[in-house]
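End of the sequence shown sits at 420 in the numbering used here; the numbers just go up one at a time, nothing left out. Glycine included, every Cβ here is placed at the ideal spot set by N, Cα and C. In this text the structure is predicted, and so the values were computed from the model without any measurement. Remarks on the structure that follows.
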Amino acid sequence: MTAVLPDRPTAAERRTAPSLAAAVRDLDSRRARSRQRMIGASELGECRRRAAYRIARRRPTNTRAGLQAFIGSELHRGVLRALRRQYGGLTEVGLKGEQVRGRCDWWHAPVVEDLKTTSRFGFERVLTRGVPVRHWFQVAVYAWLLRTGRTADRRLSVGTAQGVDGLRIRYLSRDSGEDVVFEADHDPALTAEALLWLTDVYATVEDEGVDAVPRDGFGPGVDTMCDWCPFLDLCWGPPVDPETEGAVSRQSRLTVTDSDYVAAVHDYDTWRAAENEAKRHKEFARERLRGRSGPADDLHCEWSGGGLRRQVDKDAAVERLVELGEVLPTRTTRSPQTIRVTRNGSRRD
Ligand code: SF4
C-alpha cells in the first residue's frame, strides 16, 4: 500500500517560524562556548533529556540491542540496496554540519528519503496518528545539510551544494511488508525549528546543568522510547528490586515530599477526567459512523469484524475436566494492582 499524505506544519506555523540563519548562529555560539558534542539528526525532537546526556557526553547505561533491532537494521540495509539498484541515487550518505551529523538513507535527487522499518503496531500508529514531528525534523535537517554541502561522504565533494526540493518518509511494516509514504516540500522553517529545539537544550545544559533539562518520556513501562533508551538507568535510576515490584516503580522515586504526592494524585484525577471525556466524544463519533466507510479528506474510515466465531467455553471445559476426575492445570500469576482516587466529602450520619 502506498499513500501520499501531506502532514506538515500549517502555513500560519511556518510564517511565524524564526529564521534558519538565526538558529544556526545561536547554536554555533553556544557550541563554541561549551565545547560539547554534536548530536545525531535522528535524535532531534525526540527527548530533550536524552539529547542533553549526549551533549554532556554522559556514558550510556543501557546499550543492549535486541534481536529485533538487529533484524530491523539488516532489513533496512537490504531495502535501501534494492531501492538504489532499481532507481539509482545514493544511499546512506554521510552528512556533517557544525552542530548536527547524520546519515541520510536515500538521496534520489531532488528528494531526500528516510526509511523507517516498524513493527505492526508502529505502522498502525503512523497510519492513525500521522508522522511525528521529530521524523520531519530529521529529514528536513538532512535536506538542509545536503543543500548547504555539509557532507562527509567520499562520493560527494564537501562544500558543494546538492539539489534537494522534497522530503519523503517511508514506513515499512516488518510484519506485513506494507509501506506508506509521506511527502512534503523542502522547508527551511522546519529545519530552523529543529535547530532551535537543540539550541534550547544546549542553553539549559549550559546554564542549569543536564538534570534541569526536562524528560520528554514518562519512563519505563509507560513510554517505549524510555524502555529502549540508552540512558534509561541514568535517567530513572537502577531497576527496582523484584521483591518490591508493584509497591514501587522507578517513576515513584519522583514522589518524595507530601506536595509531590498531592500533585501526583491531582494529576491522576485530571487525566482520568480527560480520558473519560475523550472516550465519550470518540464513542459518539463512532456511532455516527456506523454503516459508513470510505475516504474523508486526508483520513480514511473502514469497519472490520462483527462475524460469528467459535470459542472454547472455558466454564464448560473446566466442568468437563472435573467430571473426568482430571487435575485442573493452573499457573500462578500476580493480580493487577488497581488504584482508586476518590473525593473527600464531609459525611453525615
Ligand atoms: S529514559 Fe526516557 S525520559 Fe529519560 S532520557 Fe531516555 S527517553 Fe528521555
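- Looking at the backbone, the Cα of residue 310 and that of residue 141 are separated by about 24 Å.
- In the assembly as shown, residue 407 is an exposed residue. Its beta-carbon has fewer than 16 other beta-carbons within 10 Å.
- Where residue 185 is concerned, the enclosing beta strand (DSSP E) starts and stops at 182-189.
- In terms of Cβ geometry, residue 234 and residue 221 do not form a close pair [threshold 9 Å].
- For residue 296, the shortest separation between its Cβ and any heavy atom of the ligand SF4 lies below 8 Å.
- Our two residues, residue 283 and residue 242, have alpha carbons roughly 34 Å apart in a direct line.
- By the CB criterion at 9 Å, residue 189 and residue 176 fall outside the cutoff.
- No heavy atom of the ligand SF4 is found nearer than 8 Å to the CB of residue 372.
- The residue among 135, 271, 179 with its C-alpha nearest the C-alpha of residue 126 is 271.
- At least one heavy atom of the ligand SF4 lies less than 8 Å from the C-beta of residue 124.
- Runs of the beta strand (DSSP E) lying entirely within the region 226-289, each at least 3 residues long, are 237-244, 250-256 in chain order.
- For residue 172, the pairing in a beta bridge is given by DSSP as 111, 167.
- Going by C-alpha positions, residue 378 is about 15 Å away from residue 362.
- Secondary structure note for residue 335: its alpha helix (DSSP H) is the uninterrupted segment 329-359.
- Contact annotation: residue 93 and residue 263 have beta-carbon atoms nearer than 9 Å.
- Here residue 385 is exposed, its C-beta having fewer than 16 other C-beta atoms within 10 Å.
- Residue 206 holds the alpha-carbon nearest to the alpha-carbon of residue 255 among 299, 298, 206.
- The closest heavy atom of the ligand SF4 lies less than 8 Å from the beta carbon of residue 290.
- In this structure, the beta-carbon distance from residue 172 to residue 109 falls below 9 Å.
- Secondary structure of residue 393 (DSSP, three-state): helix.
- Residue range 138-158 is occupied by the alpha helix (DSSP H) that includes residue 143.
- With fewer than 16 other CB atoms across the displayed protein chains lying within 10 angstroms of its CB, residue 392 is exposed.
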